[in-house]
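K.L.:
Starting off with a structure, shown below.
Numbering (our numbering), first residue to last: 54 to 209.
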């Protein structure tokens, strides 16, 4: 996947996040991209324990064989938390692309009860496993755009 393709898919994930926020859910979104660069699935956040990336990884694992998922990419607006990264790992999704680091989200949410962000990077979680999952991110040129829906949401 080229950098331009990653940026385009980050914008698609952002559209999911913004739509999710209009329904009162946390403004996170992600897409699953197949080896042919087509978006196969989209998912927004549902609640505090049903994060976009976890839900998408579970749906993908039910829909596709592990060998196929190894050739796919999960693209997420923000860096997936430890739970989401672990689910991506177990689903056998071979690549992760994310827009902004979890530490940027922590700076916005602080100790918000609905988002008790952990300071544990996805690279650290994946580095603890036995699979070599490629990670691309953050994309500083997109941070402002991707964080915009969070600015007002977490200050409600």
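All C-beta atoms in this analysis are idealised placements derived from N, C-alpha and C, irrespective of residue type, glycine included.
Does DSSP classify residue 54 as helix, strand or coil?
P.N.:
The sequence position of residue 54 within the chain shown is 1, counting from 1. Of the three classes helix, strand and coil, the one that applies to residue 54 here is coil, per DSSP.
K.L.:
Kindly list the residues whose CB is nearer than 7 Å to the CB of residue 66, restricted to its own chain and excluding five residues on each side of it in sequence; keep chain order.
P.N.:
In the chain shown, counting from the first residue as 1, residue 66 sits at position 13. Excluding positions up to five away in sequence, the list reads 82, 83, 84, 128, 129, 130.
K.L.:
So, do the segment 103 to 118 and the segment 176 to 187 have three or more beta carbon pairs nearer to each other than 8 Å?
P.N.:
For the pair of segments examined, the segment 103 to 118 was found not to touch the segment 176 to 187: the number of CB pairs separated by less than 8 Å stays below three.
K.L.:
Counting C-beta neighbours from all protein chains within 10 Å, is the total for residue 76 16 or more, i.e. buried, or is it exposed?
P.N.:
Walking along the chain shown from the start, residue 76 turns up at place 23. Exposed: under 16 other Cβ atoms inside 10 Å.
K.L.:
Assign residue 208 to one of three DSSP states: helix, strand, or coil.
P.N.:
Locating residue 208 in the chain shown gives position 155, counting from the first residue. It is coil, neither helix nor strand.
K.L.:
Going by DSSP, what residues sit across from residue 83 in a beta bridge?
P.N.:
As a working note, residue 83 is residue 30 in the chain shown. Answer is 96, 129, bridged to residue 83.
K.L.:
Measure how close the beta-carbons of residue 106 and residue 99 come, nearest whole angstrom, since I'm counting them as under 8 Å.
P.N.:
As a position in the chain shown, residue 106 is number 53, starting the count at 1. As a position in the chain shown, residue 99 is number 46, starting the count at 1. Actually they do not touch by this definition, with Cβ atoms about 11 Å apart.
K.L.:
Return the CA-CA distance between residue 55 and residue 64, expressed in angstroms with no decimal places.
P.N.:
In the chain shown, the residue the question calls residue 55 occupies position 2. In the chain shown, the residue the question calls residue 64 occupies position 11. Their backbone Cα atoms lie some 14 Å apart in a straight line.
K.L.:
Can you list, in chain order, the residues of its chain whose CB lies under 8 Å from that of residue 73, leaving out five sequence neighbours each side?
P.N.:
To locate residue 73, count along the chain shown from 1; it is residue 20. If the five residues before and after residue 73 are omitted, its C-beta is found closer than 8 Å to the C-beta atoms of 79, 80, 81, 82, 97, 98, 105, all from its own chain and listed in chain order.
K.L.:
Note down, in chain order, each residue of its chain lying with its Cβ closer than 6 Å to the Cβ of residue 158, except the 5 sequence neighbours on either side.
P.N.:
On the chain shown, residue 158 is found 105 positions in, with the first residue counted as 1. In its chain, beyond the 5 residues on either side, 131, 170 have a beta carbon closer than 6 Å to the beta carbon of residue 158.
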